[in-house]
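Here's the structure we're looking at; comments come further down.
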Amino acid sequence: MYALVDCNNFYASCERIFNPGLIGKPICILSNNDGVIISRSDEAKDLGITMGQPAFFIKELIADNNVYVFSSNYALYGDMSQRVMDTLVQFTPTIEIYSIDEAFLSFKGLEYYDLQAHGQTIRETVKRNTGIPVCVGIAPTKTLAKIANRLAKKRMENKGVFVISTASEIEDALTSTNISDVWGIGSQYAEFLNRHGINTALDYAKAPEAWVKKYLSVVGLRTRNELSGIPCIAFEDQVEDKKNIATTRSFGDIQTEIGPISEAVATFAGACAEKLRKQHTCASTLTVFIHTNQFRTQDKQYARNRVMQFPVATNSSLELIKYAQIGLKSIFKKGYKYKKAGVIVSGLVPDSQVSGTLFDEVNRSAHKRLMTALDEINTTFGREKVRVASQGFDRSWKLRQERLSPNYTTKWNEILTINV
DNA sequence: TCTGGGGTCCTAGGACCC
DNA sequence: TCTGGGGTCCTAGGACCC
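Going by the working numbering, the first sequence opens with residue 14, and the numbers climb by one from there.
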């Protein structure tokens, strides 16, 4: 059996913990650049605010209903996530941290006679230790645990825990789940399946295997079989190295000159380099891209990317920045209003297995010492204390974050003070 | 009349997730 | 005025090889 523990309205709940005046009030969290809604409290959901909605579309709704709106504060959410996961680890040694706000727990080898009660214990412990409300779904496969979690959230009479175990419980759960609500079935597949008369999870579980494989590939087939209670999706409790690393951002304001964009791209490349060094890998390929604002159809549109292969895989900020800026230069064209840029590194290899070339022109050991020093300083004194000059200082491109809450848990000078 | 066949590697694109 | 960011996996098709 697996449990899926999923935090309720995670970002909104994080904001609420440190600002109890927000309890019972509608709260929304915005994406980077204060663009779209990415988390809502139940009260905000009741107002009809949906995921992914551009904030400026619902300006009036927000004003009329006194909705509290926050920029996303990832330092805070990341820290709270860590606390939740630390609590969950106490319940089982095998845990798969699936995202910032959810984790699968495996109960393999553990005997629980009352899964409902066990789920309650997990739920109450997380709430007591962290203040974050969670729901727990328990079932024989990960896909069914997802469904169980959804039902736990929907059916309040179950007090946040829902168990799917017997054949008839599976059938009941599948009957009351729309195909579009199944984990692994996105909007494209849902529409396709609806066209073929498959509307519920139960319909899908009964669809012929060969047909499913033909049109939804082996991924869709795994999902189908998981719905019948056959585990097909591996439980991944080992943290694997990432295979691609990206840093991409929209600009706070439109950019038309190469100067600020070049600084932005240098900063993104530097961020990728840091992430590479953190997981001890080097990249063999770098992609840099820029594009205009696709929503402004009245503007001329332009989008390009450039892929560059390195002679020797690297995680040096200096090298990655150099390549990113060369790449940018080759795709930048004057006369467009640029909205977004990004750097993606791939072809990652462990840094211990980097093979050099005979004519390597880079002093790798010097780079390595410099990067180690840079990482140490930035770890000790805070992010980006030391920067590569080409990353710029005025930063006219930086994103908007107008409604940021304090870093209650990660910065001493922003810690919560209580007057007694 | 008949035009080799099978394997591997790589990439682009499309689907999905939170 | 204002529309996110960071990932994964699979498949099809082309290049290449023997």
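Positions of the beta carbon are idealized from the N, C-alpha and C atoms, including for glycine.
Setting aside the 5 residues that flank it on each side, Phe120 is surrounded in the same chain by Met14, each with a C-beta closer than 6 Å to its C-beta; the list follows chain order. With 16 or more other Cβ atoms inside 10 Å of its own Cβ, His131 counts as buried.
Under the three-state reduction of DSSP output, Tyr351 falls in the strand class. DSSP lists Ile42 as the beta-bridge partner residues of Phe83. In the three-state reduction of the DSSP assignment, Val225 falls in the helix class. 8 Å or more divides the Cβ of Arg141 from the Cβ of Val174. Across the set Leu299, Met98, Tyr228, Thr105, the C-alpha of Tyr228 shows the shortest separation from the C-alpha of Arg208.
Scanning its chain for C-beta atoms nearer than 6 Å, with the 5 sequence neighbours on each side dropped, one finds around Gln268 the residues Ile274, Tyr351, Trp410, in chain order. Taking 8 Å as the cut-off, the beta carbon of Glu109 is found closer than this to the beta carbon of Phe117. Secondary-structure assignment with DSSP links Glu109 through a beta bridge to Phe117. A contact is defined here as three or more CB-CB pairs under 8 Å, and the region 65-73 fails this definition with respect to the region 89-102. Straight-line spacing of the CA atoms in Arg377 and Leu387 works out to 15 Å.
Only buried fits Lys159, as 16 or more other CB atoms lie within 10 angstroms of its CB. Around the CB of Ser230, fewer than 16 other CB atoms lie within 10 Å, so the residue is classed as exposed. Gly48 and Ile357 have their C-alpha atoms spaced approximately 22 Å apart.
Ser343 sits in a helix when the DSSP states are folded into three classes. In the DSSP secondary-structure assignment, Arg262 is bridged to Ala354. Taking Asn46 as the centre and dropping the five residues before and after it, the same chain places the C-beta of Ser263, Gly265, Leu412, Arg413 closer than 7 Å to its C-beta, in chain order. Distance from the Cα of Pro363 is smallest, within the candidate group Val320, Ser343, Ser297, for Ser297.
About 5 Å separates the CB atoms of Ile42 and Phe83; that is less than 8 Å, so the two are in contact. Burial of Lys155 is indicated by the presence of at least 16 other C-beta atoms within 10 angstroms of its C-beta. Judged by beta-carbon spacing, Thr63 lies beyond the 8 Å limit of Asp250, meaning their Cβ atoms are not closer than that value. Look at Gly150 here: in three-state DSSP terms it is strand. Contact between Val401 and Ile344 is absent: CB atoms are separated by about 21 Å, not below the 8 Å threshold.
Counting along the chain, no alpha helix (DSSP H) covers Ile192, and no H or E run does either. Of all C-beta pairs linking the region 325-333 to the region 276-294, three or more are shorter than 8 Å, placing the two stretches in contact.
Inclusion of Ala152 and Ile113 in the CB contact set at 8 Å is not warranted, their separation being larger than that value.
In this structure, Thr138 keeps its C-beta atom at 8 Å or more from the C-beta atom of Val97. Counting the other Cβ atoms within 10 Å of the Cβ of Ala220 gives 16 or more, which makes it buried. Nearest in C-alpha terms to Ser365, of all of Gly340, Leu289, Leu206, is Leu289.
Going by beta carbons, Ile192 and Ile198 fall inside the 8 Å limit. Nearest to Thr100 by C-alpha distance, out of Asp77, Ile145, Lys38, is Ile145. Per DSSP, reduced to three states, the secondary structure at Asp312 is coil, with no helix or strand assignment. The alpha-carbon separation between Ile243 and Val195 amounts to approximately 15 Å.
When only Cα atoms are considered, Val232 and Val225 end up about 9 Å apart. Our two residues, Ala161 and Asp127, have alpha carbons roughly 16 Å apart in a direct line.
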